[in-house]
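In my numbering, the protein residues as written are -12 to 110.
Virtual Cβ for every residue (Gly too), placed ideally from N, Cα, C.
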């Protein structure tokens, strides 16, 4: 008989987490803060991993990286609203939706910088 108020032991939860598919494990860790410490201590099994300029692919699940522009007390420009709905901008933009040119910054010895250069308009 199943007892709904019983929890997995620490060792059992480590074993279950270790064999979950990576995408499901990311989702559990995001939604259940109580398992994050166990999740961080349990090895993650990944079959394939790929990083490109705007995506990270883990075991055939692609995660897109985008900048969502939020407007709190003003109307959202139509092109920003469309871009937000499509997953965000590829680059940081100002309040008018124009590309922000970043100042060069100093790289620390342990950092790896992933950088792409815009070769066309982003709209």
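Assigned secondary structure, residue i (DSSP; H/G/I helix, E/B strand, else coil)
| i | result |
| --- | --- |
| residue 22 | helix |
| residue 56 | coil |
| residue 110 | Because residue 110 sits at a pLDDT of 46, beneath the cut-off of 50, its placement in the model cannot be relied upon, and the following sentence gives the value as read from the coordinates. Correct three-state label for residue 110: coil. |
| residue 15 | helix |
| residue 50 | strand |
| residue 86 | strand |
| residue 77 | coil |
| residue 67 | helix |
| residue 31 | coil |
Residue environment, residue i, which counts as buried when at least 16 other CB atoms sit within 10 Å
| i | result |
| --- | --- |
| residue 95 | exposed |
| residue 26 | buried |
| residue -1 | exposed |
| residue 67 | buried |
| residue 80 | buried |
| residue 4 | buried |
Start and end residues, beta strand (DSSP E) containing residue i
| i | result |
| --- | --- |
| residue 45 | 42 to 45 |
| residue 37 | 36 to 38 |
N-terminal and C-terminal residue of the alpha helix (DSSP H) that residue i is part of
| i | result |
| --- | --- |
| residue 2 | -3 to 6 |
Check whether the segment 59 to 66 touches the segment 31 to 51, taking contact to mean three or more Cβ pairs, one atom from each stretch, closer than 8 angstroms. no
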